[in-house]
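> Listed in order, the protein sequences are those of chains G and E. For reference, each letter of the first sequence is one residue, going 1 to 431 in the UniProt record's numbering. For reference, each letter of the second sequence is one residue, going 1 to 329 in the UniProt record's numbering. Just so it is clear, CB atoms sit at the ideal spot from N, CA and C, and this is done for glycine as well. The structure's right below; bear with me while I get my questions together.
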Amino acid sequence: MPPFAQSRRHFLGTLSVAGLGVTAITSCGGSDSGGKDSSGRTVIEWWHIMTGDPAKKVWAERAKAYEAEHPDLRIKIVTVENEAFKSKMTALTSSGKLPDMYHTWGGGVLKQQVDAGLVEDLTGTVKPWIGELVPAAPKAYEFDGKLYAVPYDIGGVGFWYNKALFKKAKIDEPPTTWSGYLDAVQQLQDAGITPIALAGKEKWPGMYYWAYLALRLAGVDGMQKAADDEDFSGDAFVKAGEHLMELVDLKPFQKGFLGAAYATPTGEAAAMGNGKAAMELMGQWAPLTQRDAGKGIGKDLGFFSFPTVEGGTGKITDVFGGGGGYAVRKGAPKEAVDFLKFFVSAATDRTLVKEANVLPVNKQALDALTDPGLKAVSDMLNASTGFQLYLDQALPPAVGQEINDSVAALIAGSTSPEQVTRSITQVAKSQ
Amino acid sequence: MTSTHLGAPHPAAAEEPLRPAANVRPRARRFRDWATAFTFTVPALILFGLLVLAPILFALYVSFFNWGGFGSPSDFAGTDNFTRLFDDPVFLGDLWRGLVLVVLSIALQLPFALAMAVLLNQRLRGRAVYRMLFFAPYVLSEVITGVLFVMIFAPDEGLADKSLGSIGLDGVGGLWFAGQDTVLPTLFLVMMWKYFGFHMMLYLAGLQGIPSELHDAARIDGAGTWQRFRYITLPLLGPTIRMTVFLSVIGSIQLFDLVWIVTQGGPDHHSETMAVTLFQFGFKRYQVGYASAISIAMFLISLVFALGYQRLVLRRDTEGALTTMRANR
């Protein structure tokens, strides 16, 4: 009976979920961070996630440049792939042994490490120079007025639109209010243009709409309060769903959007890049992806902030986004913070912006930015009054996924705005 | 590769008749049999225990906890994960969709494969080419198949809609994978394209085993084509058909890779299978306890089906084909 035996074994392969977990735990040994090497230099272990060139090369060059200025110091770089990094860090956090200096997206995960007493409070040490940075940049790493990481990248979400198509639909100015936005969608619709490209298959692009609406209604403080109380059933969140339904009811998305991916040749970015849809709600990587997946629309591409919602407490200058930063382990060599100062200094940041396509975090490096699209996002961040981190990073993974899933169901028309807030709250409370 | 042992008589077979049974007491002999069998199976048993039994037992253990996958499970949840399972519309939907796929496979895919096999068993110009062409999709990996059909069934822009449009059938295609009602049939279409060649090959092998004398005799007795198919081909192909039904059902229960590539279970869970739900909870939400409960449910469903099917349906096919210890006694 070979087929039976074979299929059963096959089957159990998928069952060994837990087995994998065990491997992940045991494969993370300790590290020799914080020690001295054979020639007596202080060793700082630095974990980053820049696995691709040019960034990987640039990062290594920066470390070398710093070592050249400080001969008594050695920076040991460990490059870990994005997803592997997340699982390794979870294991290291529970073991209490973090690398000296490590990548973080801020939000819930960093908070967890801070609460466990594993992360150095940098507030005092960075005070002399943190003012050089773009105000929105450090926001994701601040808890109770204390700063726990230094940002090196920052980005945000907004509407990318096709100026030519807007003109064709006789829309002179990008809308600044939600009702104005709905009118614009209707105008595009009437002109026979697909108003919005959306990657329904991947869920997170749809979540941006709900999250931004909630941010405009509840404000940054309201969002924070909901996360703290694990209660997303408030009026603002129900309203966010209702406003989203107003948009969905106009049927503004491209044909077959529920099956569309984001970056594939038939996906959301390609629809924008090939001029087949008038706008998408996306982060600073949108222009690049539009050019990769489609042809790119060059000078026709414009950017505007998510409009305000009538009756909401949020401002149009509150930004939804995220970036990357480096946190320092409690008890790590003091030189680590000095290196971070070097890493975000105007000179280094200019190099990062020019060669590795990150957005500038240092105000003086803003001039290094030449791409008009990136410049628009950067201007928005520069003028920001509040900053809300991506919800799947700000909240535990199960809550982030539940938001994605239930908002996707809302857009697909199989659930109600109240039900969305109930499911999210239920998962948040169970965490 | 050395083949020195090739052709040498099996040691036990040579030994057997020389030993007079009356000299050794049956009990001691039975013990020695077991000891020999045990010694030879120990390495396999250790591996099986480590790689198969241990994970199952661990998954069973974990399914009684709320566990995030790291550290050791400590938040005991009793049978909560299992009661939640039967309140979860997604999981219940998984069961329903699994059933739909099983029924479609048995009702459409297997008869189609059989028809093709019978056709390609005739004398036909280019028979080998057809056999190869129909079998080729099975050789493709699930991922490549998935990526391919996502492009083919892209609404408006894909090969499917463009081809339909070019023969004046615009709008016939529709949403394919992107529609909540069309996604499962479209997925089944892809599965059928990919797997019918495999079943066809099995049937072809079965057909080759049917002696042509039977057909000749029936023909002389005046039996028509249909009668010969119904009363000769079908009964003699029985064991093969029963085996392919089994493979189809198990394949549908554990369907994952194709769905994951094509739709990730969407739109809105309308193509989600048990394995996809398991993955979502285990590796996206890190609710490993609940994911383990799903895996246990999946395991029990296939176990019950596999054992039941073996016992009730496959029994007479495997009779005599299995090695049992001293079957002659």
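In the DSSP output, what is Y290 (chain E) paired with across the bridge?
BP columns for Y290 (chain E) are empty, so no partner.
> Report the residue from E:V42, E:I250, E:R29 whose alpha carbon sits nearest the alpha carbon of G308 (chain E).
Of the candidates E:V42, E:I250, E:R29, the one whose C-alpha sits nearest the C-alpha of G308 (chain E) is E:I250.
> Scan the stretch 178-209 of chain G and note each continuous beta strand (DSSP E) run of 3 residues or more that stays entirely inside, going in chain order.
Counting whole runs of 3 or more residues, the stretch 178-209 of chain G contains the beta strand (DSSP E) stretches 194-196.
> Roughly how many whole angstroms lie between the Cα atoms of I193 (chain G) and G117 (chain G)?
Roughly 54 Å between the two C-alpha positions.
> Given that P397 (chain G) touches chain E, what residues does it touch there, using C-beta distances under 8 Å?
The contacting residues are K284, R285, Y286.
> Comparing C-alpha positions only, which one of G:S416, G:Q431, G:R74 sits nearest to F38 (chain G)?
According to the sequence provided, residue 38 (chain G) is Ser. The question's Phe does not apply to it. Taking only the C-alpha atoms, the option nearest S38 (chain G) is G:R74.
> Is the CB of S94 (chain G) under 8 Å away from at least one CB in chain E?
Yes, S94 (chain G) counts as interfacial toward chain E.
> So what does DSSP say about P26 (chain E), is it helix, strand or coil?
Residue state, collapsed to three classes: helix.
> What is the DSSP secondary structure of Y390 (chain G), counted as helix, strand or coil?
DSSP places Y390 (chain G) in coil when its eight states are reduced to three.
> Kindly say whether A128 (chain E), judged by its beta-carbon, lies nearer than 8 Å to any beta-carbon of chain G.
Answer no: the Cβ-Cβ gap between A128 (chain E) and chain G never drops below 8 Å.
> Closer than 8 Å, Cβ to Cβ, to anything on chain G: give me those residues from the stretch 80-114 of chain E, in chain order.
Cβ contacts with chain G: none found.
> Note down the Cα distance separating K168 (chain G) from A191 (chain G), rounded to an integer number of angstroms.
C-alpha separation (whole angstroms): 7 Å.
> Tell me whether G131 (chain G) sits in a helix, a strand or coil according to DSSP, three-state version.
In the structure shown, G131 (chain G) sits in coil (DSSP, three-state: anything other than H, G, I, E or B).
> With a threshold of 6 Å on Cβ separation, who are the neighbours of F257 (chain G) within its own chain once the five nearest residues in sequence on each side are excluded?
Correct list, in chain order: L198, G200.
> Examine the Cβ distances between the stretch 324-344 of chain G and the stretch 400-413 of chain G and report whether three or more of them are shorter than 8 Å.
Contact fails: fewer than three Cβ-Cβ distances are below 8 Å.
> Assuming G108 (chain G) contacts A140 (chain G) (C-beta within less than 8 Å), just tell me the rounded distance between them.
The Cβ separation is near 10 Å, so there is no contact.
> How many angstroms separate the CA atom of W285 (chain G) from the CA atom of R242 (chain E)?
Roughly 53 Å separates the two Cα atoms.
> Does Y231 (chain E) pass the burial test, meaning 16 or more other C-beta atoms within 10 Å, or should it be called exposed?
The residue is exposed, with fewer than 16 neighbouring Cβ atoms inside 10 Å.
> For the alpha helix (DSSP H) holding G206 (chain E), just list the boundary residues, first then last.
Run containing G206 (chain E): 183-208, per the alpha helix (DSSP H) assignment.
> Any Cβ of chain G within less than 8 Å of the Cβ of T263 (chain E)?
Yes, T263 (chain E) counts as interfacial toward chain G.
> Please state whether the Cβ-Cβ distance between Q364 (chain G) and A346 (chain G) is less than 8 Å.
Yes, the pair counts as a contact, with Cβ atoms nearer than the cut-off.
> What's the C-alpha gap between S430 (chain G) and L217 (chain G)?
Distance between the alpha carbons of S430 (chain G) and L217 (chain G): 25 Å.
> Would you please state the rounded distance, in angstroms, between the beta carbons of V319 (chain G) and A55 (chain G)? I believe it to be under 8 Å.
Incorrect: roughly 23 Å between the Cβ atoms, too far for contact.
> Pull up the distance between the alpha-carbon of F253 (chain G) and that of L281 (chain G), whole angstroms please.
One C-alpha to the other measures close to 12 Å.
> Can you pull the chain G neighbours of F64 (chain E), defined as C-beta to C-beta under 8 Å?
The premise fails here: F64 (chain E) is roughly 12 Å from chain G at the closest Cβ pair, so nothing lies under 8 Å.
> Any idea if M132 (chain E) is buried or exposed, counting beta-carbon neighbours within 10 angstroms, 16 or more meaning buried?
Exposed, since its Cβ has fewer than 16 Cβ neighbours within 10 Å.
> Determine contact between the stretch 186-195 of chain E and the stretch 101-109 of chain E, defined as no fewer than three beta-carbon pairs at a distance below 8 Å.
The stretch 186-195 of chain E vs the stretch 101-109 of chain E: in contact.
> Determine, using beta carbons only, whether G238 (chain E) comes closer than 8 Å to chain G.
False, the Cβ-Cβ gap to chain G never drops below 8 Å.
> If we count Cβ pairs, one from each stretch, closer than 8 Å, do we get three or more for the stretch 278-288 of chain E versus the stretch 393-411 of chain G?
The stretch 278-288 of chain E vs the stretch 393-411 of chain G: in contact.
> Exposed or buried, P360 (chain G), counting other C-beta atoms within 10 Å across all chains shown (16 or more means buried)?
Its Cβ being crowded by 16 or more others within 10 Å, P360 (chain G) is buried.
> Along chain E, which residues have their Cβ under 8 Å away from the Cβ of F257 (chain G)?
Near F257 (chain G) (Cβ distances below 8 Å), the residues of chain E are A178.
> Would you call the CB atoms of residue 432 (chain G) and I154 (chain G) closer than 8 Å?
Residue coverage of chain G in this structure runs from 1 to 431, which leaves residue 432 (chain G) outside it and unanswerable.
> Below 8 Å, how does it come out for the stretch 105-122 of chain E and the stretch 202-209 of chain E: are there three or more Cβ pairs, yes or no?
The stretch 105-122 of chain E, when compared against the stretch 202-209 of chain E, does touch it at the 8 Å Cβ threshold.
> Which runs of the beta strand (DSSP E) spanning at least 3 residues fall entirely within the stretch 134-177 of chain G, listed in chain order?
Correct list: 149-156, 158-162.
> Within this structure, are the beta carbons of D94 (chain E) and E272 (chain E) separated by less than 8 Å?
It is a contact, given that the beta carbons lie within the stated cut-off.
> Out of curiosity, what's the CA-to-CA distance linking L237 (chain E) and A293 (chain E)?
Straight-line Cα distance between these residues: approximately 39 Å.
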